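Going letter by letter, the sequence shown gives residues 0 to 581 in numbering that gives the first Met the number 0. Glycine included, C-beta positions come from ideal geometry on N, C-alpha and C. Given the structure is predicted, the values throughout are model-derived calculations rather than measurements.
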Amino acid sequence: MSRQQLWRQVNAQLAAKIIGECSYEESLCPQPLGEGRYQLALASGRRYEFCARETVWSWLRVDAPSLRREGMPVTSAVQLLIDAQQELALSDITLGVLIEEIHNTLYSEVQRQQRIAGLSARDMVAVAGPQLQALLDAHPKALANKGRMGWGAEDLQRYSPESASGFQLRLVALHRDRVNVAVARGVSEAQLLAQLVTGAEQQRLQQRMAEAGLCADAYLLMPVHPWQWQRFIVSQYGEWLADGTLVDLGIGGDRYLPQQSIRTLANIARPGCCDIKLALSILNTSCYRGVPGDSIAAGVQLTPWLRAVIAADPVLQAAQLTVQGDLAGVHCLPPGQQQIAGTPYRYVEMLGAVWRESLEAQLRAGESGVLMSTLMQTDSGGRALVCEYVADSGLSAEQWLRELFDAVVVPLYHLMCAYGVGVVAHGQNISVVLRNGRPQRAVLKDFHGDLRLVDQPFAQLQSMPTELLAALPRLPAQHLLHDLVTGHFVTTLRFISPLFEEQLQLPESAFYRLLADCLRDYQAAQPQLAERHRLFPLFSKELDKVCINRVRFRIGYQDSAARPLPELGSAIANPLCLGEQP
Numbered sequence: 000m001s002r003q004q005l006w007r008q009v010n011a012q013l014a015a016k017i018i019g020e021c022s023y024e025e026s027l028c029p030q031p032l033g034e035g036r037y038q039l040a041l042a043s044g045r046r047y048e049f050c051a052r053e054t055v056w057s058w059l060r061v062d063a064p065s066l067r068r069e070g071m072p073v074t075s076a077v078q079l080l081i082d083a084q085q086e087l088a089l090s091d092i093t094l095g096v097l098i099e100e101i102h103n104t105l106y107s108e109v110q111r112q113q114r115i116a117g118l119s120a121r122d123m124v125a126v127a128g129p130q131l132q133a134l135l136d137a138h139p140k141a142l143a144n145k146g147r148m149g150w151g152a153e154d155l156q157r158y159s160p161e162s163a164s165g166f167q168l169r170l171v172a173l174h175r176d177r178v179n180v181a182v183a184r185g186v187s188e189a190q191l192l193a194q195l196v197t198g199a200e201q202q203r204l205q206q207r208m209a210e211a212g213l214c215a216d217a218y219l220l221m222p223v224h225p226w227q228w229q230r231f232i233v234s235q236y237g238e239w240l241a242d243g244t245l246v247d248l249g250i251g252g253d254r255y256l257p258q259q260s261i262r263t264l265a266n267i268a269r270p271g272c273c274d275i276k277l278a279l280s281i282l283n284t285s286c287y288r289g290v291p292g293d294s295i296a297a298g299v300q301l302t303p304w305l306r307a308v309i310a311a312d313p314v315l316q317a318a319q320l321t322v323q324g325d326l327a328g329v330h331c332l333p334p335g336q337q338q339i340a341g342t343p344y345r346y347v348e349m350l351g352a353v354w355r356e357s358l359e360a361q362l363r364a365g366e367s368g369v370l371m372s373t374l375m376q377t378d379s380g381g382r383a384l385v386c387e388y389v390a391d392s393g394l395s396a397e398q399w400l401r402e403l404f405d406a407v408v409v410p411l412y413h414l415m416c417a418y419g420v421g422v423v424a425h426g427q428n429i430s431v432v433l434r435n436g437r438p439q440r441a442v443l444k445d446f447h448g449d450l451r452l453v454d455q456p457f458a459q460l461q462s463m464p465t466e467l468l469a470a471l472p473r474l475p476a477q478h479l480l481h482d483l484v485t486g487h488f489v490t491t492l493r494f495i496s497p498l499f500e501e502q503l504q505l506p507e508s509a510f511y512r513l514l515a516d517c518l519r520d521y522q523a524a525q526p527q528l529a530e531r532h533r534l535f536p537l538f539s540k541e542l543d544k545v546c547i548n549r550v551r552f553r554i555g556y557q558d559s560a561a562r563p564l565p566e567l568g569s570a571i572a573n574p575l576c577l578g579e580q581p
């Protein structure tokens with residue numbers, strides 16, 4: 000396929016996604032023509048026609064090759080946005096910036112498609128560990144899911160997941176008076192440094208510090224993303240570089256591979272060593288990807304608390320729920336910004352790092368671990384990777400799903416009902432451990448940014464450290480429920496269930512009936528939590544619809560003091576209640 004053909008194909012695929020997601024969010028209203036065909040008539044006078052299948056989520060799964068604009072094949076996702084500007088309620092300013100973000104996404108998707116060209120789904124599932132993430136698509140709901148505003152072509156070639164190229168980190172010494180540090184009990188700073196650099200490299204760093212006349216005990220060593228260093232840290236922390244508060248120790252240590260979450264990096268020189276999460280002041284999907292200071296201590300404290308809960312809970316023990324723990328976190332406010340209460344959040348999240356246990360360190364002999372988003376991935380010919388896992392397992396599609404739901408959904412719902420803990424388990428912060436293709440257990444990570452508590456005095460929360468209890472967001476039960484429904488069902492299962500229908504001959508109605516049966520079986524086995532099951536009702540006839548793209552359309556790209564929040568659309572029918580009598 001020529002680059003022109005690939006460019007047009009990727010544009011058609013993104014245009015299909017835009018129509019599907021914006022229809023789901025009720026910004027666009029295609030009209031059925033019969034026999035699976037739809038027409039989208041826009042205020043601009045332009046008409047689009049296409050074939051689509053409506054899923055149980057009232058979401059149109061648009062067939063990209065069928066898309067026509069005024070009778071001609073669609074070759075420009077940007078033109079679709081221009082044509083639909085009035086329906087999407089986009090100002091000229093917002094549309095102009097959105098086009099930049101869309102072009103960035105198209106560019107990176109072309110690189111990814113070139114990487115997976117010629118690879119079958121069987122080839123892709125054979126790729127091990129972090130290397131597989133270079134082959135995956137990004138968040139499925141966000142239109143510009145590879146926007147990465149601030150990066151150019153050279154940056155993308157060096158630092159994007161689809162580049163599949165490892166790089167070393169910048170290492171700095173930062174005076175302890177200026178840094179907020181949280182370290183897990185039993186973990187030393189020497190151990191953290193050893194996760195980054197080998198013994199020989201540690202000696203080099205000590206020599207550099209001695210040459211700079213630094214007292215080692217007064218400084219903390221931490222990594223910085225090399226792009227963040229040259230783009231922001233050198234200038235925004237220039238005062239501290241001048242007076243010795245911050246000292247550059249140069250590029251060094253192990254090589255790291257970017258994961259799907261962009262700022263989280265996997266050690267490829269020494270697999271099993273910690274993942275490192277670093278601040279990146281680029282706008283990607285919904286927000287700037289810095290490291291918030293208010294979650295540093297929470298992540299470190301949550302790890303032992305969650306592990307203690309899991310160890311003492313029969314349901315979580317049976318599910319073998321696992322946590323990729325945060326071992327340490329570092330955060331440092333830039334000079335001057337701490338004096339401005341309402342400064343844009345990206346400025347106060349500019350310098351930070353988190354040491355997190357790797358998924359590889361959680362695996363036992365014979366196991367493999369994949370992001371949940373892997374299950375919605377297809378090869379360039381459309382074959383779903385999940386089909387290969389089901390085939391490897393020797394199970395029927397129904398049996399395989401039951402094991403998946405028992406491993407993933409049941410513990411998430413149990414955490415909510417038994418402890419008042421909601422986890423926004425989207426496809427990139429939860430992994431599935433497989434053995435011979437069979438789901439074994441779920442592994443949670445990055446939960447300190449996507450974990451909230453119910454706003455009621457659950458006795459089970461009394462074991463949580465007081466400062467952690469005070470630091471975590473508290474939400475009404477209905478809001479917490481949507482951490483599961485929207486965060487997992489809509490964001491992850493919505494994109495997996497059509498693949499089971501199309502490629503494994505399991506209708507979506509059967510898919511969600513299995514999920515409902517699994518959850519009802521759980522509820523029946525936990526009668527002591529019956530009141531909590533009513534507090535977190537999974538089987539209400541309708542569900543709220545959370546719309547993330549409409550937020551970007553509405554607020555545009557201006558700075559804000561807090562990260563943006565989603566908004567609600569109209570209610571949708573609950574797929575868990577399919578086939579029930581009204």
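With burial defined as no fewer than 16 other Cβ atoms inside 10 Å of the residue's Cβ, what is the status of residue i: buried or exposed?
i	result
L575	buried
I495	buried
P581	Any reading at P581 needs caution, since the residue's pLDDT is 45, under 50, leaving its predicted position unreliable; the model's value is listed next. Burial call: exposed.
S162	buried
A15	buried
Q12	buried
C214	exposed
D122	exposed
Q30	exposed
G19	buried
M0	exposed
Q258	buried
E25	exposed
R363	exposed
R355	buried
I547	buried
Return the Cβ separation of residue i and residue j in integer angstroms, given the expectation that the two are a contact with Cβ distance under 8 Å.
i	j	result
V77	I98	5 Å
W228	R169	4 Å
Y521	L577	Wrong, their Cβ atoms sit about 19 Å apart, outside the cutoff.
If we call anything under 8 Å between Cβ atoms a contact, is residue i one with residue j?
i	j	result
E200	G251	yes
L282	G151	no
P222	A352	yes
A424	T302	no
Q323	S372	no
L118	A172	no
E69	R36	no
T284	H138	yes
T54	E397	no
R230	I261	no
L135	V9	no
A297	E348	no
Put residue i into one of helix, strand or coil per three-state DSSP.
i	result
I547	coil
V353	strand
G185	coil
P497	helix
T377	strand
C286	strand
S392	helix
G328	strand
T244	coil
I92	helix
E366	strand
A11	helix
H138	coil
Might you give, ordered along the chain, the residues of its own chain that have their beta carbon closer than 7 Å to the beta carbon of residue i, omitting 5 neighbours on each side?
i	result
I571	W56, S57, E541, L542, K544
N435	D391, S392
A217	H174, R175
Who are the near neighbours of residue i in its chain, counting only those whose CB is closer than 8 Å to its CB and skipping five residues on each side?
i	result
C416	Q525, L528, R531, H532, L534, F535
C517	R401, F404, D405, V408, V409
G555	S90, I92, T93, V96
L307	As written in the sequence, residue 307 is Ala, which differs from the Leu given in the question. Hits under 8 Å: S462.
Go through its chain and collect everything with a Cβ distance to residue i's Cβ below 6 Å, but skip five positions before and after it.
i	result
Q110	E161
Q439	V432
R67	E48
L361	Before going further, note that residue 361 is Gln rather than Leu in the sequence given. Closer than 6 Å at Cβ, skipping near neighbours: T321, V442.
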